[in-house]
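Student:
2 protein chains.
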Amino acid sequence: MANAKITEKDDFDLRNFLPFLLNQAAEESSLEFQQVYKNRYGMLRTEWRVLFHLGNYGEMTAKEIGERAKIHKTKISRAVHKLEQRRYLTRTRDDKDRRVERLTLTANGAAVYRELRGIAEEYDAKLAAHFTRGEAALLRMMLRRLAGME
Amino acid sequence: MANAKITEKDDFDLRNFLPFLLNQAAEESSLEFQQVYKNRYGMLRTEWRVLFHLGNYGEMTAKEIGERAKIHKTKISRAVHKLEQRRYLTRTRDDKDRRVERLTLTANGAAVYRELRGIAEEYDAKLAAHFTRGEAALLRMMLRRLAGME
DNA sequence: GCTTGTTAGTTACAAAATCAACTATTATCC
DNA sequence: GGATAATAGTTGATTTTGTAACTAACAAGC
Numbered sequence: 092m093a094n095a096k097i098t099e100k101d102d103f104d105l106r107n108f109l110p111f112l113l114n115q116a117a118e119e120s121s122l123e124f125q126q127v128y129k130n131r132y133g134m135l136r137t138e139w140r141v142l143f144h145l146g147n148y149g150e151m152t153a154k155e156i157g158e159r160a161k162i163h164k165t166k167i168s169r170a171v172h173k174l175e176q177r178r179y180l181t182r183t184r185d186d187k188d189r190r191v192e193r194l195t196l197t198a199n200g201a202a203v204y205r206e207l208r209g210i211a212e213e214y215d216a217k218l219a220a221h222f223t224r225g226e227a228a229l230l231r232m233m234l235r236r237l238a239g240m241e
Numbered sequence: 092m093a094n095a096k097i098t099e100k101d102d103f104d105l106r107n108f109l110p111f112l113l114n115q116a117a118e119e120s121s122l123e124f125q126q127v128y129k130n131r132y133g134m135l136r137t138e139w140r141v142l143f144h145l146g147n148y149g150e151m152t153a154k155e156i157g158e159r160a161k162i163h164k165t166k167i168s169r170a171v172h173k174l175e176q177r178r179y180l181t182r183t184r185d186d187k188d189r190r191v192e193r194l195t196l197t198a199n200g201a202a203v204y205r206e207l208r209g210i211a212e213e214y215d216a217k218l219a220a221h222f223t224r225g226e227a228a229l230l231r232m233m234l235r236r237l238a239g240m241e
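Protein sequence lines, in the order shown, are assigned to chains A and B.
Those letters in the first sequence? Residues 92 to 241, by our numbering.
Those letters in the second sequence? Residues 92 to 241, by our numbering.
#1: Do A153 (chain B) and L194 (chain B) have their CB atoms nearer than 8 Å?
#2: Taking the Cβ atom as the reference point for each residue, do K173 (chain A) and E138 (chain A) lie within a distance shorter than 8 Å?
#3: Does any C-beta atom of chain A lie closer than 8 Å to the C-beta of K161 (chain B)?
#4: Taking the Cβ atom as the reference point for each residue, do S121 (chain B) and L237 (chain A) lie within a distance shorter than 8 Å?
#5: Please tell me whether K96 (chain B) has its Cβ less than 8 Å away from any Cβ of chain A.
#6: Could you name the residues of the same chain whose beta carbon sits closer than 8 Å to that of E175 (chain A), not counting the 5 residues immediately before and after it, in chain order?
#7: The alpha helix (DSSP H) with T137 (chain B) in it runs from where to where?
#8: Of the choices A:E213, A:N114, A:L234 and A:R224, whose alpha-carbon is the least far from that of V127 (chain A)?
#9: Roughly how many whole angstroms lie between the Cα atoms of M92 (chain A) and A211 (chain B)?
#10: Which runs of the beta strand (DSSP E) at least 3 residues long sit entirely within the stretch 149 to 217 of chain A? Give them in chain order.
#11: At a CB-CB cut-off below 7 Å, which residues of chain A make contact with L234 (chain B)?
#12: Would N94 (chain A) be called buried (16 or more neighbouring beta carbons within 10 Å of its own) or exposed?
#13: Please confirm if N107 (chain A) has its CB atom under 8 Å from at least one CB of chain B.
#14: Whose CA, out of B:D102, B:I156, B:F103 and B:L109, lies closest to the CA of A220 (chain A)?
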């Protein structure tokens, strides 16, 4: 492996750079789960995220989901449209404020959510098994802090 | 905030799901740095990654970069093309195996690398400052393990 | 109450990522 | 040594994302 250093003192190591590490870990740890919602349900990442938000937190608006998960409103819009087509969710106009749409899972959508949630739980346990209980708890805490989810 | 639970026993919380947390943290912690290489140098994510690999590890082939950073070869190919156009790197055919191209940064590319590396170091320090030294070291270790970079 | 500004969500167009098929070169195996 | 398979990298077609402009509904100021 080539190893010519660009400058004399170069103690920087990409393999320690947090944004890079976080990306690699996120990528790697999403892959296996992605297979499931992609291959088994033909869903895109944003779609399962919307589904999980509705399943996990109950009725929400597109805007609320976007704020929590930091997803742009156009992505949400498209994901909601697709989930609606597949009869995973329904929209109802808010009568107080007719700009707003309240989103809720259908029985069908809720069933898919429950199935995926089960797989997610197993998968999360498998990832956490790389560490001690304490380490895993600390990891989650640190990630929440980095994500600004405190 | 709506909070109707879908099932009776629903102890799953999206905010603790590692793939989700990792993604959120990765996204959030890339944003600020992304502004720099994007706005100041007009580079895409894959482009700075290729640049950083060459700067950090010296001469490499497209394939090697792809393996290390888990980037698909078509993305690398296009990133290399663009970095070549901007005279940040040069390619030379390997005479032992004429399928292979050895990539190296130009003086110009190395200068840009050094500038970005400095910013990356500062930024990494800022992120790590959320934690104690020990915690930060543990975090990096855990991320490397999750990323399969052990 | 009417102009001006905001907000929720959609749509159109441009940019980028993905996937499959392709060229060129080297390795394998009979 | 010649057919077959594998590898490095590229290209084109399709899908997905990002950006900006848009509609529709509400809010505030006067």
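Cβ atoms here follow ideal geometry from the backbone N, Cα and C, with glycine treated the same way.
Tutor: Answer, in terms of the structure:
#1: The residue labelled residue 153 (chain B) in the question sits at position 62 within the second sequence. The residue labelled residue 194 (chain B) in the question sits at position 103 within the second sequence. Cβ distance < 8 Å, so A153 (chain B) and L194 (chain B) count as in contact.
#2: Reading the first sequence from its first residue, position 82 is the one you call residue 173 (chain A). Reading the first sequence from its first residue, position 47 is the one you call residue 138 (chain A). Cβ distance < 8 Å, so K173 (chain A) and E138 (chain A) count as in contact.
#3: Indexing the second sequence from 1 puts residue 161 (chain B) at position 70. Cβ-Cβ to chain A under 8 Å: yes for K161 (chain B).
#4: Here residue 121 (chain B) refers to the residue found at position 30 of the second sequence. Here residue 237 (chain A) refers to the residue found at position 146 of the first sequence. No, Cβ-Cβ distance for S121 (chain B) and L237 (chain A) is not below 8 Å.
#5: As a working mapping, residue 96 (chain B) is identified with position 5 in the second sequence. Residue confidence for K96 (chain B) is low, a pLDDT of 48 falling below 50, so the modelled location carries little weight; the figure read from the coordinates is stated next. It does; some Cβ of chain A falls within 8 Å.
#6: The sequence position of residue 175 (chain A) within the first sequence is 84, counting from 1. Here the set comprises T181 and R182.
#7: Within the second sequence, the letter at position 46 stands for residue 137 (chain B). Note, T137 (chain B): alpha helix (DSSP H), R136 to Y148.
#8: As a position in the first sequence, residue 127 (chain A) is number 36, starting the count at 1. Nearest of A:E213, A:N114, A:L234 and A:R224 to V127 (chain A), Cα basis: A:E213.
#9: The sequence position of residue 92 (chain A) within the first sequence is 1, counting from 1. The sequence position of residue 211 (chain B) within the second sequence is 120, counting from 1. Summary for M92 (chain A): the model assigns pLDDT 42, below 50, so the residue's position carries little reliability; its value from the coordinates is reported in the next sentence. Computed Cα separation, rounded: 24 Å.
#10: 180 to 184 and 192 to 196
#11: Working through the second sequence from its first residue, we reach residue 234 (chain B) at position 143. Residues of chain A passing the Cβ test: L112, L113 and A116.
#12: Reading the first sequence from its first residue, position 3 is the one you call residue 94 (chain A). For N94 (chain A), the predicted model reports a pLDDT of 47, less than 50, meaning its position is unreliable; a value from the coordinates is still stated below. Exposed, because fewer than 16 other Cβ atoms sit within 10 Å of the Cβ of N94 (chain A).
#13: To locate residue 107 (chain A), count along the first sequence from 1; it is residue 16. Interface residue, yes.
#14: Mapped onto the first sequence, residue 220 (chain A) falls at position 129. Ranking the options by Cα distance to A220 (chain A), first place goes to B:L109.
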